[in-house]
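Take a look at the structure set out below.
Protein chains in written order, with our numbering: chain B, 1 to 307; chain P, 1001 to 1580.
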């Protein structure tokens, strides 16, 4: 098997005069979990649909499992698994029937019983789709995406709209897939999901990749300053000394809480605590936050992911 | 192939689980079947084929527009199709599966309706059951294709609802699914010719009633095949997996492209009219095929008299002649009480001149039927007669049967002609004031005829007395008598003259029985259709009249017509002269 599962270079896609994708390039290695992050309308879905063979591209090179999606979409669809957002099945189809139906579309099948076991859907085999809970529906969607034993799986926002418990379940499933050395391309709104699951992440905005690497690399590469938040029992004095190494410091209107940014948080933390102690004000709470992908994202794009 | 079978199998299971589908596919047709059957009197014979066709068309329309069309839109709107989009399949398995499951789910309904028809309504199994099933299948496939193309071009549920209603309702009301097409005014029938359902109606009905084959219905078959192929081709091309993909409004013109075969066929029908004619004649056959039990009339069979008997007619023929009054619940038939009336074979006029006198040929022959005359011998054979004769034979038009025969063997004196000639030469118009004459004469004709009348002083030829005398001597000599009138000469309007003739015969001394025999069974014998009509006998055509009173005692009673039956149909005399 080739080491590269997905190869994209200088990908462009225009809808009339609107350019949705403006020269994207990345590579996904076999066995890797690759995350695509970006706000709505960033070009994520368009990119993924081009890879899945659902949309033609305007320009650029694309190879998926060594195939060209523009000319070999049928072969690609046969070998990949796709779990789309907001899909539905007919109300009165049973879990087993849905599995059987979709299995018939592919040239290669996996053991569906085993799959249902793994996704904890065994006892729901004969239940109608309409009677399943949200989590069960999502697990079924994953099962259907796996029905052809795919080498490459596309997961489009697999946990959007699910409660935290179910989200954790899905996460552990994806971990399992990862351990089985399947290649996964995941698009998500959830930063922590990307941080937790992805080997590498690309952040897309306005049709371009604005950052790419391991979650840790991306955090490190940006100006990412840690953040210190403290709260006090009495108001802080208005006069404040200059702290060495600290960046911006903001004090709330009631002067009972303070937020400070710093590239060297340990140093700043000690300075702050010392000062508060000297003023005689009682410290109520203090904590330190490392920059998250979300912070990085906000810094890079100027907006939140879930706008 | 695996994909097709799997999808068909799954859709079939889903269909059978869907209560709405079960209701519309099985329960509703059965309910409609029973309601229609009761209101059309199908349990009394005749209309059952019509009722079956109506229910089948309703089912096909529902299956096509709602079962296939609306459902396809729904699947897209509910993001179900989206799930299929990522599988390595084209839209074709989904479309084919919709067609196949539609047919498979509907056929039990056909079987159910035929079973009820057979065992409850006593209809024989359709002889052409294979043609029936095939045409119905093709109809389902064509209408489901139309449904799918609608689904392919609309952008929302609302749009699909509007388009479906715009197509469904006119077809439901105009194409024979709610009333027989033949009942509609002519211009509405013309509009109906642009609808595929109309051809399905005439096709299914033709197969059921006339035992036609599929090949005889090649026109609708071809139209529906083309529609199906075009629709499926376009549906694949225009297929959308996602509700967010919208098509421009002009895409809706593709529906017209799919309907094109029928738009062309409709245009062709404006000129040819043969399908309209078929619908009319099928409607006529339905009226003719009804079962009716006439209780209690005096019956003159053409030869003898039954003083109080009964008559059962069915499928256009005399099914039974009863020597005594039959019990009401004897046969599955509508009942007509006729005690005190006299039923006699349809009258036959052995000599008329159809080319003479004003008025169209259709009108003249209708006037004969109005007066209870079911057949005439025309001395001449005017060209316009031929077309009308064919229309009457097919049932498109109602009118007396007209045989053209100029041979002189029928020549014998006509008393009504002698009388008319004398009156005309004297300039008298009393003969135009007879009740039946006034009833059948075209508007203005009497006035015009009256104006032309003036004494001409010429010898009228043979007087009525001389002619009467000659006739009586012939009868006494035992010569066979035929009753003819020479209608068409001045003062002898087409239609009622035979009644005058019979009255003059009785006045001349011929017994009413012999006169009536001459005008019915003897004439039929001489004209060579005694094996079909001219008598009240089991197996012959049900063409007869019912009159008030007893013409065997008082011959003028033949003019007091209560009803006229022609080939099993009770003629709506009041609307015979209506032109549409």
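For every residue, glycine included, the Cβ atom is placed at its ideal position computed from N, Cα and C.
These numbers were taken from a predicted model, which means no experiment stands behind them.
Neighbour flag for residue i against chain P, beta carbons, 8 Å
i: residue 82 (chain B); result: yes
i: residue 92 (chain B); result: yes
i: residue 137 (chain B); result: no
i: residue 295 (chain B); result: no
i: residue 40 (chain B); result: no
i: residue 13 (chain B); result: no
i: residue 140 (chain B); result: no
i: residue 74 (chain B); result: yes
i: residue 101 (chain B); result: yes
i: residue 124 (chain B); result: no
i: residue 89 (chain B); result: yes
i: residue 195 (chain B); result: no
i: residue 30 (chain B); result: no
i: residue 86 (chain B); result: yes
i: residue 77 (chain B); result: yes
i: residue 157 (chain B); result: no
Between the CA atoms of residue j and residue i - distance to the nearest angstrom
i: residue 85 (chain B); j: residue 1079 (chain P); result: 10 Å
i: residue 1560 (chain P); j: residue 1343 (chain P); result: 12 Å
i: residue 1451 (chain P); j: residue 1500 (chain P); result: 23 Å
i: residue 1 (chain B); j: residue 80 (chain B); result: Because residue 1 (chain B) sits at a pLDDT of 48, beneath the cut-off of 50, its placement in the model cannot be relied upon, and the following sentence gives the value as read from the coordinates. Taking the straight line from one Cα to the other gives about 15 Å.
i: residue 51 (chain B); j: residue 1237 (chain P); result: 22 Å
i: residue 1576 (chain P); j: residue 1472 (chain P); result: 36 Å
i: residue 1095 (chain P); j: residue 1257 (chain P); result: 18 Å
i: residue 1325 (chain P); j: residue 1303 (chain P); result: 19 Å
i: residue 1062 (chain P); j: residue 1024 (chain P); result: 8 Å
i: residue 1358 (chain P); j: residue 1516 (chain P); result: 29 Å
i: residue 14 (chain B); j: residue 194 (chain B); result: 28 Å
Short CB-CB distance (under 8 Å) between residue i and chain B
i: residue 1017 (chain P); result: yes
i: residue 1006 (chain P); result: yes
i: residue 1281 (chain P); result: no
i: residue 1137 (chain P); result: no
i: residue 1013 (chain P); result: yes
i: residue 941 (chain P); result: This structure cannot settle anything about residue 941 (chain P), because the visible part of chain P is limited to 1001 through 1580.
i: residue 1003 (chain P); result: yes
i: residue 1053 (chain P); result: no
i: residue 1010 (chain P); result: yes
Below-8 Å beta-carbon distance, residue i vs any chain D residue
i: residue 160 (chain B); result: You won't find chain D in this structure, because its protein chains are B and P.
Continuous beta strand (DSSP E) stretch holding residue i: start and end
i: residue 1310 (chain P); result: 1310-1314
i: residue 205 (chain B); result: 200-205
i: residue 1300 (chain P); result: 1298-1300
i: residue 1026 (chain P); result: From DSSP, residue 1026 (chain P) is part of no beta strand (DSSP E); its letter is neither H nor E.
i: residue 23 (chain B); result: 18-29
i: residue 227 (chain B); result: 226-232
i: residue 1505 (chain P); result: Run containing residue 1505 (chain P): none in the beta strand (DSSP E); it sits in the alpha helix (DSSP H), 1497-1508.
i: residue 261 (chain B); result: 257-262
i: residue 287 (chain B); result: 283-289
i: residue 1349 (chain P); result: 1347-1352
Boundaries of the alpha helix (DSSP H) in which residue i is found, first to last residue
i: residue 1268 (chain P); result: 1253-1272
i: residue 1129 (chain P); result: 1129-1153
i: residue 1055 (chain P); result: 1048-1062
i: residue 15 (chain B); result: Element bounds for residue 15 (chain B): not the alpha helix (DSSP H) but the beta strand (DSSP E), 4-15.
i: residue 1004 (chain P); result: 1002-1017
i: residue 1077 (chain P); result: 1071-1077
i: residue 1364 (chain P); result: 1361-1370
i: residue 271 (chain B); result: 265-279
i: residue 1318 (chain P); result: Run containing residue 1318 (chain P): none in the alpha helix (DSSP H); it sits in the beta strand (DSSP E), 1317-1322.
Heavy atom of the ligand NAP within 7 Å of residue i beta-carbon
i: residue 68 (chain B); result: Absence of the ligand NAP from the depicted structure is noted, as is the absence of any ligand whatsoever, leaving it without description.
Quick one, which residues of the stretch 1070-1095 of chain P are near chain B if we go by CB-CB under 7 Å, in chain order? Within the stretch 1070-1095 of chain P, the residues whose Cβ lies closer than 7 Å to some Cβ of chain B are 1078, 1079, 1080, 1082, 1083, 1085, 1086, 1087, 1088 and 1089, listed in chain order.
In the stretch 104-119 of chain B, which residues sit with their C-beta less than 7 Å from some C-beta in chain P, listed in chain order? Within the stretch 104-119 of chain B, the residues whose Cβ lies closer than 7 Å to some Cβ of chain P are 104, 105 and 106, listed in chain order.
Taking only runs that begin and end inside the stretch 1406-1476 of chain P, name each unbroken alpha helix (DSSP H) of 4 or more residues, in chain order. Whole alpha helix (DSSP H) segments, 4+ residues: 1415-1426, 1435-1440, 1445-1452 and 1464-1476.
Extract the residue ranges of the beta strand (DSSP E) inside the stretch 54-121 of chain B, only unbroken runs of 3 or more that lie entirely within it. 59-64 and 80-83
What alpha helix (DSSP H) runs, 4 residues minimum, are completely inside the stretch 1199-1244 of chain P? 1218-1238
Select from the stretch 32-62 of chain B all residues with a C-beta closer than 8 Å to any C-beta belonging to chain P, and list them in chain order. 52 and 54
In chain order, which continuous runs of the alpha helix (DSSP H) of length 4 or greater are located wholly inside the stretch 158-209 of chain B? 164-179 and 191-197
Which residues, in order along the stretch 1133-1159 of chain P, keep a beta-carbon less than 9 Å from a beta-carbon of chain B? none
What are the residues in the stretch 1100-1128 of chain P lying within 7 Å of chain B by C-beta distance? none
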